[in-house]
Amino acid sequence: MSILEIVKRYLFFILGLFMMAVGVALSTRSYLGTSPISCVPYVLSLGFPMTIGQFTFLMNLLFIIFQILLLRKQFKLIQLLQVVVALIFAFFTDFTMGLFSWINVTNYLAQIGLFTLSCLILALGVSMEVTADVILMAGEGVVSALSIVTKKEFGNLKVAFDVTLLICGLLFSLILFHRLNGIREGTILAALLVGTLVHFINKRLSFMDVVFKGEHSVVFGLEKTTELIEEAIK
């Protein structure tokens, strides 16, 4: 893999992080909840004087520590870059929360529309992260570590992981507010919808491998055809 390809992949990855943060921010502005992996930081941010981005960073640090404890010598040092990724994502999350703070929808249909849009943008960001294929987010890193240790399928463990986070969010909400706060029907919708959208978008981003590798066979083919025509004219 060339340096240029690595740079392209990481830039695409960072753009994907930003899109994911936009999805999280828009979902919170719909007041219908947020995705399972963001529900815990969101609920905690409603009860404590810290931002959702700060709680997201702390949660991801715990995920990274858990990976190290699970994998031990199998943990690859390159995966420590997850700390940097967590920091960038936390910054993007708080930035986009401020960026869209003016949005205040009260009509339920408008809320549903905004939440659906947030799921689409979040799914696009996740697909970009997967397509870049450079490093795992801390959440996916934990599931991957569990898959390695338990020898169970990543997909099944991801579902269990999301359900666990949702339950934690529910418990925190009941403990802090004695009612559901920050978790609503949108959280369930996101759990069902985002994965399906990611699967759909992934297929549409397959062309990015050509972009990353700088393979422009079509362009080269046209240039070669032009050269042959010029030679024929001469």
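Just add 3 to the spot in the sequence shown (first one is 1) and you have the working numbering. Using N, Cα and C, we set each Cβ at its ideal position, and we do this for glycine too.
Residue i - DSSP class collapsed to helix/strand/coil
i           : result
residue 111 : helix
residue 51  : coil
residue 156 : coil
residue 182 : coil
residue 97  : helix
residue 34  : coil
Beta-carbon proximity list for residue i, same chain, < 7 Å, skipping 5 on both sides
i           : result
residue 111 : none
residue 91  : 17 and 20
residue 4   : none
residue 215 : 8, 11 and 12
residue 78  : 70 and 71
residue 29  : 103, 117, 120, 121 and 124
residue 42  : 36, 168, 169, 172, 185, 186 and 190
residue 25  : 99 and 124
Straight-line Cα distance separating residue j from residue i
i           : j           : result
residue 158 : residue 147 : 10 Å
residue 163 : residue 44  : 18 Å
residue 60  : residue 105 : 24 Å
residue 194 : residue 52  : 27 Å
residue 49  : residue 31  : 11 Å
residue 98  : residue 142 : 21 Å
residue 81  : residue 113 : 43 Å
residue 56  : residue 192 : 22 Å
residue 212 : residue 128 : 16 Å
Endpoints, the alpha helix (DSSP H) within which residue i is located
i           : result
residue 4   : Here residue 4 belongs to no alpha helix (DSSP H), and DSSP marks it neither H nor E.
residue 78  : That residue, residue 78, is in no alpha helix (DSSP H); it is neither H nor E in DSSP.
residue 206 : 188-207
residue 136 : First-last for residue 136: undefined, no H or E at that position.
residue 215 : 211-216
Nearest-angstrom beta carbon gap, residue j and residue i [assumed within contact, 8 Å]
i           : j           : result
residue 125 : residue 23  : 6 Å
residue 151 : residue 74  : 7 Å
residue 121 : residue 205 : Wrong, their Cβ atoms sit about 19 Å apart, outside the cutoff.
residue 38  : residue 108 : Not really, about 18 Å apart at Cβ, beyond 8 Å.
residue 186 : residue 46  : 7 Å
heavy atom of the ligand ATP below 7 Å from residue i C-beta
i          : result
residue 81 : Inclusion of the ligand ATP in the displayed structure is not the case, the ligand content being empty and no account of it being possible.
Own chain partners of residue i with C-beta closer than 6 Å, once the 5 adjacent residues on each side are dropped
i           : result
residue 84  : 138
residue 134 : 208 and 211
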